[in-house]
Amino acid sequence: MTPETFIIAKASEAIQALYGVEINPAQMQVQITRKEFTGDYTLVVFPLLKLSKTTPENTGNAIGEWLKANVAEIDGYNTVKGFLNISFSTAYWNRMFAEIAAAEDYGQLPSTGKTIMVEYSSPNTNKPLHLGHIRNNLLGWSVAKLLEVNGHNVMKVNLVNDRGIHICKSMYAWKVLGNGETPQSSGKKGDHLVGDYYVAFNNLYKKEVDELVAGGMPEDEAKKNAPSLKAAQEMLFKWEQGDPEVVELWKTMNGWVYEGFAKTYDDLGISFDRTYYESQTYLFGKSLVQKGLQEGVFETESDGSVWCDLTSDGLDRKLLLRGDGTSVYMTQDLGTAEQRFKEYSLDEHIYVVGNEQNYHFQVLKLILGKLGFSWADYIYHLSYGMVELPEGKMKSREGTVVDADDLISAMYNTAKETSLELGKIDNMSEEEQDALFRMISLGALKYFILKVDPKKTMLFDPKESIDFNGNTGPFIQYTHARIKSILRKAADKGVSYGVADIMPDSVLSPKEVRIIKILNTFPAKVAEAGDAHSPAVIANYAYELAKEFNQYYHDTPILREENMALLRYRLVLVESIAKVLSKAMSILGITLPERM
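Given below as structure tokens:
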């Protein structure tokens, strides 16, 4: 039982005894006492005044006096206006701490039996991954891990957008401009090479549009009739018809990209349980379109295109098949959703996709509901804000994105420079240094991105992210390394310790009580973060715990303590902090070093 539920239960007994009425526990509000007041937890008295029929102060004092007299675990109270601040006994906190220290997998919540699928990454095979993709991948992986810790069965999946007009643009540009260039001949990573041709296509297309406009054609018409665009559209049509030459080029160039993606995913520590390919799933959507036509949910236009009219739902008409029979994103998303729910009997399907696609997923759920699928309500769009840089937004077509591989490399170099400046790598081999630099750089990158609430647009600053002070990954990593150093020094002195050293009458300082309270809230933070699909809750919890430890370390002579019972107690405490930090940061995909 948590301290909050314990207080609610006992306060309910107090109200029954004092006022002769039963109270709905939902009416009771309990929170950790603010630092500027004396107490551990605070009961909000205002909702109880209609029962006590007296002032907030009198009500708080009456309940506090009853609790102190009748509940052994409570040894003090004070009332400030409408807030009853309650203090637990030392024995209570030592009991709570012993449970935390003894738990094998503290923070892991019980199994729910629910199966949840999380789709993230979903890259296009016409360009390499960039900073925006990094937020998507880190968020998706971390949310999946968070849901696992919440007791769910989780499937991590990737849907590779490996077909469509954007792919054909890169293919066409390579065909007319490439001169047989390959990753091997160019020395370029495959996804970078294909991305270069996507940019080259856009440059060619702009030039053609300008020429047509200069020749007297209206700009709107020029954009539709540029030769390169028409050629790419023709290539897409041939691909859907199975043209051998087009399909072979498609396989070759996508193969280059997959090799490049695999390297980036590995560098980020990202993985999937299953990868879907749009080229293999889009036909499922076409069959659903036929079902919708037969049931009168969809309608066909004179040009052969198929639409769903959502105007009665306050939206617009949605295209599902073009006039030439080719599909759109919505088509394949409909089919893929049906396939997944049928195959895995999902309790929830989470799509990690940027907020520019909010409307798309609103329409997806609505159409699936119209097609009669009851599980349409189990679809959840985890909409996240864009990542911006000090100089503004990124644009793939213009080649002005921050490349993921370049960013990972730059973060490594920054971590190396910072560590060397601070002299934190004494007595480490080159191999150990390399592992540490990678650990710090990825920790900095992941934490900086994941500490921001997913819904918010964020400004990414690489230099700020790698700071060893403040709310950063390296600060928490350094805190963990500092604790491990303390424990090693204790071992060198021959000091042993364990849960048995937590005695009911062990003396606790206010800072130690504060740390135990923070440790005690970890399972609740895991549940809160899971409900909100927000790793930011865990990131900021880890920072609060690390910050509290550093204040404690600054004020408390841990290894210089001469009282051996107190020394052993404090070693159990700091080891528990390290374990919880490690667990919390593992949810973010961040490894904590033993030395730093």
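Here our numbering is used: the first residue of the sequence shown is 13, the next is one more, and so on. Ideal placement from N, C-alpha and C gives every residue a C-beta, glycine not left out. A quick note: this is a predicted structure, and the numbers were derived from the prediction, not measured.
Annotated as distal: G397 and K463, with beta-carbon spacing of 8 angstroms or more. The beta carbons of A536 and T102 sit about 23 angstroms from each other, so the pair does not count as a contact at 8 angstroms. With fewer than 16 neighbouring CB atoms inside 10 Å of its own CB, P239 falls in the exposed class.
With the rule of 3 Cβ pairs closer than 8 angstroms, the segment 165-180 does not count as touching the segment 307-325. Contact annotation: Y288 and T348 have beta-carbon atoms nearer than 8 angstroms.
Here S598 has K157 as same chain residues with Cβ atoms under 8 angstroms from its own Cβ, once five neighbours each way along the sequence are excluded.
Here L376 is near I391, since their CB atoms are less than 8 angstroms apart.
Taking the C-beta atoms as reference points, F480 is found nearer than 8 angstroms to P486.
In this structure, DSSP gives F284 a state outside helix and strand, which the three-state scheme calls coil. Distance from the CA atom of T343 to the CA atom of S299, rounded to whole angstroms, is 9 angstroms. Counting along the chain, the unbroken alpha helix (DSSP H) around E556 starts and ends at P547 to D567. Annotation for G381: A388 place their beta carbon closer than 6 angstroms to its own, counting only its chain and skipping 5 residues before and after. The count of Cβ pairs closer than 8 angstroms, one atom from the segment 17-33 and one from the segment 64-78, reaches three, so the stretches are in contact. In this structure the segment 87-95 touches the segment 45-55; the number of beta carbon pairs closer than 8 angstroms is three or more. Sequence-distant partners of Q351 (beyond 5 residues in either direction) whose C-beta falls short of 7 angstroms from its own C-beta, in its chain, are T293 and F296. Inter-residue distance for Y217 and S421 is about 32 angstroms (C-alpha atoms, whole angstroms). For secondary structure counted as the beta strand (DSSP E) over 3 or more consecutive residues, the segment 35-95 holds these complete runs in sequence order: 42-44, 53-56 and 86-92. DSSP places D479 in the coil class of the three-state scheme, outside both helix and strand.
Here DSSP, grouped into helix, strand and coil, assigns D415 to strand. Contact annotation: Y459 and I602 have beta-carbon atoms nearer than 8 angstroms. The beta carbons of L224 and N237 sit closer together than 8 angstroms.
In this structure, the alpha-carbon of A502 lies about 20 angstroms from that of D438.
The straight-line gap separating the alpha-carbon atoms of L378 and Q369 is approximately 14 angstroms.
With 16 or more other Cβ atoms from the protein chains shown falling within 10 Å of its own Cβ, E524 counts as buried. When the Cα atoms are used, I528 and Q39 turn out to be separated by approximately 27 angstroms. Contact check for S154 and P605: beta-carbon distance about 20 angstroms, past the 8 angstroms limit, so the pair fails to qualify. Excluding the 5 residues flanking it on each side, T45 has same chain C-beta neighbours closer than 7 angstroms at G51, D52, Y53, T54 and N97, in chain order.
Going by beta carbons, F273 and L141 fall inside the 8 angstroms limit.
Given a length threshold of 3 residues, each whole run of the beta strand (DSSP E) inside the segment 332-371 is given here in chain order: 360-366. The three-state secondary structure of K595, taken from DSSP, is helix.
The three-state secondary structure of D321, taken from DSSP, is strand. Rounded to whole angstroms, the gap between the alpha carbons of V56 and E16 is 12 angstroms. Spatial neighbours of Y356 in its own chain (CB-CB distance under 7 angstroms, excluding positions within 5 residues in sequence) are listed in chain order as T127, M129 and M167.
V33 and A21 have their alpha carbons spaced roughly 14 angstroms apart. Counting along the chain, I530 sits inside the alpha helix (DSSP H) bounded by residues P522 to N532. For Y294, the enclosing alpha helix (DSSP H) has its first and last residue at E290 to Q306.
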